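Comments concern the structure below.
In this note's numbering, the protein residues as written are 3 to 47.
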């Protein structure tokens, strides 16, 4: 995700990362009925 700050001196963008639980994401994708399911399952496999 990104944190964007604007001030009188300019704009700052700070990019951050989060650890993801791939097994939990895969299980959630497998249980969903979204049309993106095949892509999500491949992404989190």
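Ideal placement from N, C-alpha and C gives every residue a C-beta, glycine not left out. Every value quoted in this text rests on a predicted model; they were computed, and no experiment measured them.
Please state whether DSSP places residue 17 in a helix, a strand or coil. As a first step, residue 17 is located in the chain shown; it is residue number 15 there, counting from the start. DSSP places residue 17 in strand when its eight states are reduced to three.
Going by the beta-carbon positions, is the gap between residue 31 and residue 16 smaller than 8 Å? Here residue 31 refers to the residue found at position 29 when the chain shown is read from its first residue. Here residue 16 refers to the residue found at position 14 when the chain shown is read from its first residue. Result no, Cβ atoms of residue 31 and residue 16 do not sit closer than 8 Å.
In angstroms, rounded to a whole number, what distance separates the CA positions of residue 46 and residue 34? As a position in the chain shown, residue 46 is number 44, starting the count at 1. As a position in the chain shown, residue 34 is number 32, starting the count at 1. Residue 46 and residue 34: Cα-Cα distance of roughly 14 Å.
Which residues bound the beta strand (DSSP E) around residue 7? As a first step, residue 7 is located in the chain shown; it is residue number 5 there, counting from the start. Here the beta strand (DSSP E) through residue 7 covers 4–9.
Which same chain residues end up closer than 8 Å to residue 20 when comparing Cβ atoms and leaving out the 5 residues on each side of it in sequence? The residue labelled residue 20 in the question sits at position 18 within the chain shown. Correct list, in chain order: 3.
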